[in-house]
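Here the numbering used here = 1-based position in the sequence shown + 492.
Report on one structure; see the data block that follows.
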Amino acid sequence: MSEPDHLQLMRECTAAWTEAQQPVRRFIRSLVRDHQHVEDLTQEVAVTIVDKFGEYDRSRSFTAWALGIARNKVMNYWSKQGRDR
């Protein structure tokens, strides 16, 4: 991928995440009580989105895609919490 193409992809990713970030954070907050864990999980979602943005199907809702990633992160969090008890 050329540098201009990569920059354009990152601009698109940033713009989409800017719109989806609050709904994603609210979703995580509805499932996880600890504020710091909510912030950590939100950051994990953001990193995954940047890493996988090239796989995102632009014919579908970005927010729905981001919420699916958030759901998986929360499920992994719950699973880890259960193992750590």
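Cβ atoms here follow ideal geometry from the backbone N, Cα and C, with glycine treated the same way.
Just to confirm, is the Cβ distance from residue i to residue j under 8 Å?
i, j, result
"Tyr569", "His527", "no"
"Leu533", "Val542", "no"
"Val537", "Lys565", "yes"
"Leu501", "Gly546", "yes"
Measuring alpha carbon to alpha carbon, tell me which of the options ends up nearest residue i.
i, options, result
"Glu511", "Ser553, Ile520, Glu495 and Leu501", "Ser553"
"Thr506", "Met567, Arg563, Gly574 and Ala558", "Ala558"
"Arg550", "Glu504, Gln513 and Pro496", "Glu504"
Taking the alpha helix (DSSP H) that residue i belongs to, which residues open and close that run?
i, result
"Phe519", "Glu495 to Leu523"
"Asn532", "The residue you asked about is not Asn; residue 532 is Asp in the sequence shown. Run containing Asp532: His527 to Lys544, per the alpha helix (DSSP H) assignment."
Only counting the same chain, and skipping five residues up and downstream in sequence, which positions put a Cβ closer than 6 Å to that of residue i?
i, result
"Pro515", "Thr555"
"Arg517", "Thr534"
"Ala508", "Phe554"
Ordered along the chain, which non-local residues of its own chain (more than five positions away) have a Cβ less than 7 Å from that of residue i?
i, result
"Phe519", "Leu559 and Ala562"
"Arg521", "Val530"
"Ser494", "none"
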